[in-house]
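Protein chains: 2
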Amino acid sequence: MLDWLRQYRRALLPGDISAGVVVAMMMIPQGMAYALVAGLPPVAGIYASILPPLVYAVFGSSMTQSVGPMAIVSLMTAAVVGPLAPAGSGLYGVLAAQLALVAGVVLLLCGALRLGFLANFFSRPVMSGFTVGCALVIAAGQLQPLLGGRWNAPHLPSALLGIAAIAALLAAKYGLAPLLRRCGLRAPHADMAARLAPMFVVVAATVLAAAYDLGARGVRLTGAVPSGLPELNLALSMRHWDTLLQPGLLIGFIVFLMSMSAAQAMALKRNEKLAGNRELIGLGAANVASMVSGGFPVTGSMSRSAVNFSAGANTPLASVITAALLALALVAPTGWLAWLPLPALAATIIVAVLGMLDLDTLRLAWRYDRGDALAWLATGAGVVALGVEAGVIVGVALSMGTLIWRASRPHIAVLGRIAGSEHFRNVERYPAATEPEMVVLRIDANLFFGNAEEVSARIEEELRTHPSARDLVLVMSAVSSIDTTALLALTELNASLKRRAIGLHLAEVKGPVMDRLRHSDFLAALNGQLFLSTAMACDHLHQTAAGTLCPVRT
Amino acid sequence: MLDWLRQYRRALLPGDISAGVVVAMMMIPQGMAYALVAGLPPVAGIYASILPPLVYAVFGSSMTQSVGPMAIVSLMTAAVVGPLAPAGSGLYGVLAAQLALVAGVVLLLCGALRLGFLANFFSRPVMSGFTVGCALVIAAGQLQPLLGGRWNAPHLPSALLGIAAIAALLAAKYGLAPLLRRCGLRAPHADMAARLAPMFVVVAATVLAAAYDLGARGVRLTGAVPSGLPELNLALSMRHWDTLLQPGLLIGFIVFLMSMSAAQAMALKRNEKLAGNRELIGLGAANVASMVSGGFPVTGSMSRSAVNFSAGANTPLASVITAALLALALVAPTGWLAWLPLPALAATIIVAVLGMLDLDTLRLAWRYDRGDALAWLATGAGVVALGVEAGVIVGVALSMGTLIWRASRPHIAVLGRIAGSEHFRNVERYPAATEPEMVVLRIDANLFFGNAEEVSARIEEELRTHPSARDLVLVMSAVSSIDTTALLALTELNASLKRRAIGLHLAEVKGPVMDRLRHSDFLAALNGQLFLSTAMACDHLHQTAAGTLCPVRT
Chain W
1 MLDWLRQYRR ALLPGDISAG VVVAMMMIPQ GMAYALVAGL PPVAGIYASI
51 LPPLVYAVFG SSMTQSVGPM AIVSLMTAAV VGPLAPAGSG LYGVLAAQLA
101 LVAGVVLLLC GALRLGFLAN FFSRPVMSGF TVGCALVIAA GQLQPLLGGR
151 WNAPHLPSAL LGIAAIAALL AAKYGLAPLL RRCGLRAPHA DMAARLAPMF
201 VVVAATVLAA AYDLGARGVR LTGAVPSGLP ELNLALSMRH WDTLLQPGLL
251 IGFIVFLMSM SAAQAMALKR NEKLAGNREL IGLGAANVAS MVSGGFPVTG
301 SMSRSAVNFS AGANTPLASV ITAALLALAL VAPTGWLAWL PLPALAATII
351 VAVLGMLDLD TLRLAWRYDR GDALAWLATG AGVVALGVEA GVIVGVALSM
401 GTLIWRASRP HIAVLGRIAG SEHFRNVERY PAATEPEMVV LRIDANLFFG
451 NAEEVSARIE EELRTHPSAR DLVLVMSAVS SIDTTALLAL TELNASLKRR
501 AIGLHLAEVK GPVMDRLRHS DFLAALNGQL FLSTAMACDH LHQTAAGTLC
551 PVRT
Chain U
1001 MLDWLRQYRR ALLPGDISAG VVVAMMMIPQ GMAYALVAGL PPVAGIYASI
1051 LPPLVYAVFG SSMTQSVGPM AIVSLMTAAV VGPLAPAGSG LYGVLAAQLA
1101 LVAGVVLLLC GALRLGFLAN FFSRPVMSGF TVGCALVIAA GQLQPLLGGR
1151 WNAPHLPSAL LGIAAIAALL AAKYGLAPLL RRCGLRAPHA DMAARLAPMF
1201 VVVAATVLAA AYDLGARGVR LTGAVPSGLP ELNLALSMRH WDTLLQPGLL
1251 IGFIVFLMSM SAAQAMALKR NEKLAGNREL IGLGAANVAS MVSGGFPVTG
1301 SMSRSAVNFS AGANTPLASV ITAALLALAL VAPTGWLAWL PLPALAATII
1351 VAVLGMLDLD TLRLAWRYDR GDALAWLATG AGVVALGVEA GVIVGVALSM
1401 GTLIWRASRP HIAVLGRIAG SEHFRNVERY PAATEPEMVV LRIDANLFFG
1451 NAEEVSARIE EELRTHPSAR DLVLVMSAVS SIDTTALLAL TELNASLKRR
1501 AIGLHLAEVK GPVMDRLRHS DFLAALNGQL FLSTAMACDH LHQTAAGTLC
1551 PVRT
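Sequence order for the protein chains is W and U. 1 is the number of the first residue of the first sequence in this note's numbering; add one for each residue after it. 1001 is the number of the first residue of the second sequence in this note's numbering; add one for each residue after it.
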């Protein structure tokens, strides 16, 4: 913890300061916008951007992660709290903070139990489909604030302002960076300046709203934003613990996944090592801190962390500077924020989530692995049709289903001897010779509950096509583990073969597998022998079949 | 379908008749008892034992499966319907039947989608822990009917009758079979006779209750059982579809698992092939039939199927005979059943579920694989502490968690050359020589989302310990598949190595993997070469490093 602070060198400071300033300017409109997505007053988004990153700087593992509100997690918050409390009520805020607490405690527990490997529960196509589905749901939810009414009955001044803001943001996103580069700015700096467009658009819209009194013309404004730092919040709703537990688990899971994928992208660039368990602790503590400061669930954001990274952040000091600047913004007069028009904020959300519409992964998966592409589509459709929570569950179920389905079709090769050699190869790929009395099978998978029955069934099938077989040799060179279920299946196979007077022999069993098998009764009951190599097994069984004396087991 | 009927031979008839009669005598008390476990009137258990096995005989895959009420599925039914409707109400019966319909439709859909591989979602230790947990919950639930009151305030005549019935059943279970064998009966016949003890105990208790008018003494009796066949039931509660969907999914899953493990046990004995997808269709149709005849969710029962098997059942005709006899029992006067004392029925349930307390699997797992043993304990504890539905979810989560956890720790070996040979082996196990400029790693796992990040991280770690490496050779001989997530991770690894001017070479890539990779841009972007063998890779890279000209890619 705080290794980065102990080893801090002065040379790191300029980068951290510039990144801290840039991210703070990005964070103000983003925090407010994502608070709206979560169904909360905009200031809650600023609250959630101060204490959480400070706490993460102490406990987290990544040097450049920017922890705070994030679109998908805000959407999930709204989906959970929406049905439980009226929008704008005190209870709504209490439940959103309590959800952060539940998610935070879940993350801390997972960290304490070292469950960092849970990040592997989602495949990337499923993650990509989930993100795109969420982006569509968020964008659809912002259409009404953007247009000041339903799409078929917009409020004209609001709609004009909103669409103008979108146009400005898109122009900045796709036009500003190339322009600045042509003006001689270095590419990373040009990109970074373009990333600050939301701040300028929000300021410009606020000035416009104040100058032309747009509120009086029916454009919805943010309204008074309370000045001063967030107060300590310990309010909880005791009768909602049960209701918040399961969604808190899901949100904790998504918080971790989102943060890990952001951290992974950056670790790769800097060739750094990631610590999943440290990340769990850092995110857990950040969410508890968010609850205490009246916020809502937070996570590491890919887009903001990327800006932090390219603006020069070297250590979490950048996040500390961001947090200090946001605190300053709250202490300074906040009266001007009351004029901020909601259509402009909706525009920043829509343009931000458009950047999440990654179709490249779908395209790649479609070409490379149709099953992965279908999982992408099903997860995305699940989020859009059934909601974001159901989408997570569909995603996990599909990832696991694909895994079990693949595992349930293990590759098993019939081996034959390459004439005149000690080599045994797949008879389907090599001109290898087999013997009618002996079936040699190589199992190309670890044996576990997902394929144990299938492997037994496939072995029985091979024996059915070789009715004269007296010996079965299983080549275990590719088997690195055998779990209890597979051990039981092998035990049953052995008993069944014994009844039919067919020998069961194992060859090339790996060291760790053999160590494990010695803890069971399987080896003692084995109706056959163990051999170091396939060639030794076949030579020996051949001699035995030919009537030669059988030597001792190897 | 009905292949068995078309190929029926007269020689199969005696076995089918004796099995049909024996199972019918077992089914009457068992069906009534499991209906009580499900919270339904006893006659519903008989209803659920007539049409479902007939339908299964047409659509199912197993020759000797006995489909009908089963303890665990009845427990799940009670857990779902209990909170939704008052016990004994018409709605309770409607919802129990509706649950069978939902589970049946789920099973039929899974069958149509060929999802038979879902049977692999539970490891055997988890299944065993789940069964033991359910057995304990069922036994605990029967204590009150057995004793006619709470355990600390029993109703004396009921308790005496119940405990006497347990004693008689245990004596029959452990004493009768050996006794009959000593009297010259063949072992399977002796066992079978002992299995009929519940029928005799129930009849004896009924006679006792009628003779001594136990009802007047406060012993609870079954009460009037309606005579005649079940009527067509199409009553459904429209406002409960939502509520029943998720439990119906879970029950469908458990129905399938229970039936498959019974079928697997028998298929193994007869060396038959199992058809998971046919089994899904058969069980789905049986559950729809159960709904139509006023029953509740049904499945294949391991204990009853074992009796059916050892009583000589050759084909589903045995089940047809059982169903016909049960229908006859309902058409015959059923007045005597009203005298059946509930404590005796509770005794048959308790003794039946005691047989489910399999601790052998736990013992084996404890010795062989501690993780599997902990999964057993957690699932059993989950069922007892959180209920049977939560138990299923805990079980699936643990099975999947174990799988992902194991997958996230793939074996990767650093290879070196065995002096003077073409063989490359793990340097930790063999005296193999490495070169400082070249790292050769063999990946001993299929690459997929569960281990993709971990493999990248491990490769980077190896490179960190070999700072002078200019070339990395990945030996892919054990990699049978690479999914989209792993392909993306390899693409990123390749880009990262390219930036650091380290070559990435692949050796011994399997045919199907190479075919798949050709559908991506990975090979074109590869910062290195493909080699047929590890030796060729090393020889070639060695020459190149020594300044020799580099030949074309293989």
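Just so you know, even glycine gets a beta-carbon here, dropped at the ideal spot from N, CA and C.
Does residue i come within less than 8 Å of chain W when only Cβ atoms are used?
{"i": "Met1400 (chain U)", "result": "yes"}
{"i": "His1411 (chain U)", "result": "yes"}
{"i": "Glu1389 (chain U)", "result": "no"}
{"i": "Asp1444 (chain U)", "result": "yes"}
{"i": "Thr1554 (chain U)", "result": "A caution first: Thr1554 (chain U) carries a pLDDT of 38, below 50, which makes its placement in the model unreliable, though a value can still be read off. Judged by the 8 Å Cβ criterion, Thr1554 (chain U) is not in contact with chain W."}
{"i": "Phe1117 (chain U)", "result": "yes"}
{"i": "Glu1231 (chain U)", "result": "no"}
{"i": "Glu1453 (chain U)", "result": "yes"}
Is residue j closer than 8 Å to residue i when the C-beta atoms are compared?
{"i": "Trp1376 (chain U)", "j": "Val1080 (chain U)", "result": "no"}
{"i": "Gly371 (chain W)", "j": "Asn1120 (chain U)", "result": "no"}
{"i": "Ile46 (chain W)", "j": "Leu326 (chain W)", "result": "yes"}
{"i": "Leu517 (chain W)", "j": "Thr1484 (chain U)", "result": "no"}
{"i": "Ala1489 (chain U)", "j": "Val1023 (chain U)", "result": "no"}
{"i": "Pro29 (chain W)", "j": "Leu214 (chain W)", "result": "no"}
{"i": "Val1219 (chain U)", "j": "Gly1148 (chain U)", "result": "yes"}
{"i": "Leu107 (chain W)", "j": "Phe256 (chain W)", "result": "yes"}
{"i": "Ala1275 (chain U)", "j": "Ser1061 (chain U)", "result": "yes"}
{"i": "Lys173 (chain W)", "j": "Ala190 (chain W)", "result": "no"}
{"i": "Ser290 (chain W)", "j": "Leu51 (chain W)", "result": "yes"}
Could you tell me whether the Cβ of residue i comes closer than 8 Å to any Cβ of chain U?
{"i": "Arg429 (chain W)", "result": "yes"}
{"i": "Gln529 (chain W)", "result": "no"}
{"i": "Ile404 (chain W)", "result": "yes"}
{"i": "Leu325 (chain W)", "result": "no"}
{"i": "Phe121 (chain W)", "result": "yes"}
{"i": "Ser408 (chain W)", "result": "yes"}
{"i": "Leu268 (chain W)", "result": "yes"}
In three-state DSSP terms, what is residue i?
{"i": "Asp471 (chain W)", "result": "strand"}
{"i": "Gly1039 (chain U)", "result": "coil"}
{"i": "Val1102 (chain U)", "result": "helix"}
{"i": "Ile482 (chain W)", "result": "strand"}
{"i": "His1505 (chain U)", "result": "strand"}
{"i": "Asn287 (chain W)", "result": "helix"}
{"i": "Val1298 (chain U)", "result": "coil"}
{"i": "Pro316 (chain W)", "result": "coil"}
{"i": "Val1439 (chain U)", "result": "strand"}
{"i": "Asn277 (chain W)", "result": "helix"}
{"i": "Asn426 (chain W)", "result": "strand"}
{"i": "Leu1221 (chain U)", "result": "strand"}
{"i": "Arg1186 (chain U)", "result": "coil"}
Is there a Cβ from chain A that is less than 8 Å from the Cβ of residue i?
{"i": "Pro125 (chain W)", "result": "No chain A is present in this structure, whose protein chains are W and U."}
If contacts are defined as beta-carbon pairs under 8 Å, then residue i and residue j qualify, I think. What distance do you get, rounded to the angstrom?
{"i": "Gly1420 (chain U)", "j": "Ala1433 (chain U)", "result": "Going by Cβ atoms, the distance from Gly1420 (chain U) to Ala1433 (chain U) rounds to 10 Å, so no, they are not a contact pair."}
{"i": "Pro230 (chain W)", "j": "Gly129 (chain W)", "result": "Going by Cβ atoms, the distance from Pro230 (chain W) to Gly129 (chain W) rounds to 36 Å, so no, they are not a contact pair."}
{"i": "Val67 (chain W)", "j": "Thr299 (chain W)", "result": "7 Å"}
{"i": "Met1400 (chain U)", "j": "Met76 (chain W)", "result": "At roughly 22 Å, the Cβ-Cβ gap does not stay under 8 Å, so Met1400 (chain U) and Met76 (chain W) are not in contact."}
{"i": "Val1383 (chain U)", "j": "Cys1134 (chain U)", "result": "6 Å"}
{"i": "Val1351 (chain U)", "j": "Leu1101 (chain U)", "result": "The Cβ separation is near 32 Å, so there is no contact."}
According to a CB-to-CB cut-off of less than 7 Å, which residues of the region 1365-1378 of chain U neighbour chain W?
Ala1365, Arg1367, Tyr1368, Asp1369, Asp1372
Counting only Cβ-Cβ distances shorter than 8 Å, please list the residues of the region 504-531 of chain W near chain U, keeping chain order.
Gly511, Arg516, His519, Ser520
What residues in the region 1175-1209 of chain U bring their beta carbon closer than 9 Å to a beta carbon of chain W?
none
Within 8 Å of chain W by C-beta, residues of the region 1475-1498 of chain U in sequence order
Ala1478, Ser1480, Ser1481, Asp1483, Thr1484, Thr1485, Leu1487, Leu1488, Glu1492, Ser1496
Contacting positions in the region 234-264 of chain W - beta carbon closer than 7 Å to chain U:
Gln264
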